[in-house]
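Visitor: Residue numbers 5 to 141, in our numbering, belong to the letters of the sequence shown in order.
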Amino acid sequence: MQVIKYVFQPHGDERGQLVALEEFKDIPFKIKRVYYMYDTAKDVTRGFHAHKKLEQILICIHGTCKIRLKNGKEEKIVPLEKPYEGLYVANDMWREMFDFSEDAVLMVLASELYDENDYIRDYDEFIKYIAQNGGKK
Ligand code: T46
5 MQVIKYVFQP HGDERGQLVA LEEFKDIPFK IKRVYYMYDT AKDVTRGFHA HKKLEQILIC
65 IHGTCKIRLK NGKEEKIVPL EKPYEGLYVA NDMWREMFDF SEDAVLMVLA SELYDENDYI
125 RDYDEFIKYI AQNGGKK
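#1: When you compare the segment 8-24 with the segment 95-105, are there three or more beta-carbon pairs, one atom per stretch, that lie closer than 8 Å?
#2: If you draw a straight line from the alpha carbon of D30 to that of F12, how long is it in whole angstroms?
#3: Could you say which of Y88, I35, E100, A54 lies nearest to G16 if we only look at CA atoms?
#4: Using only CA atoms, which one of L84, N75, Q6 lies nearest to C64?
#5: So which residues touch the region around ligand 1, with touch meaning a C-beta under 5 Å from any heavy atom?
#6: Residues in the same chain with beta-carbon distance under 8 Å from Y40, minus the five sequence neighbours each way, listed in chain order, please.
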């Protein structure tokens with residue numbers, strides 16, 4: 005299973021750091037939506053779903069967290085610990101976000117607008133979906 009982690013270019017000087025992200029340059033899709041989560045309670049795991057179409061880049065812009073990815077055959081856990089790192093999560097990938105530090109802010113750049121019909125929230129349904137639709141990541 006391929007894990008694609010982007011390392012963005014920080015523009016640092018004596019004032020501090022700045023990271024700029026442009027669609028189709030730093031991010032491999034048109035960014036239609038940005039959302040972020042913070043104040044995540046200790047020991048909480050979020051996610052537990054896949055998407056039919058949505059692609060995303062997850063960036064822990066403050067603090068740390070971990071992402072569990074499953075493609076139906078393999079599982080990988082990816083720590084996000086730097087504000088200049090982004091994890092690409094493809095459409096047909098099950099995701100769970102956990103082990104959030106108290107100060108964690110997880111920002112997500114998404115290729116689609118919010119659409120509940122794009123979610124697969126049942127793991128057995130996900131396995132059937134990728135078997136029928138050729139999950140390859
Ligand atoms: C994903 C992972 C990484 C909205 O109204 N608009 C939105 O754009 C989003 C993302 C959520 N919501 C509402 C829907 C729920 O009532 O916010 C509430 C929490 O959403 P959800 O339970 O889906 O959150 P997570 O953390 O389980 O999953 C989210 C994204 O939904 C999902 O696409 O890949 O983060």
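By construction, the Cβ of each residue, glycine as well, lies at the ideal position given by its N, Cα and C atoms.
Guide: From the atom records:
#1: no
#2: Taking the first residue of the sequence shown as 1, we reach residue 30 at position 26. Taking the first residue of the sequence shown as 1, we reach residue 12 at position 8. Approximately 7 Å, taken between the alpha carbons.
#3: As a working note, residue 16 is residue 12 in the sequence shown. Nearest of Y88, I35, E100, A54 to G16, Cα basis: Y88.
#4: Sequence index remark: in the sequence shown, residue 64 carries index 60 (1-based). Residue nearest to C64 within the set L84, N75, Q6 is L84 (criterion: CA-CA distance).
#5: Residues with a Cβ closer than 5 Å to any heavy atom of ligand 1, in chain order: Y39, R50, G51, Y118.
#6: Within the sequence shown, the letter at position 36 stands for residue 40. Closer than 8 Å at Cβ, skipping near neighbours: I65, V109, L110, M111, V112.
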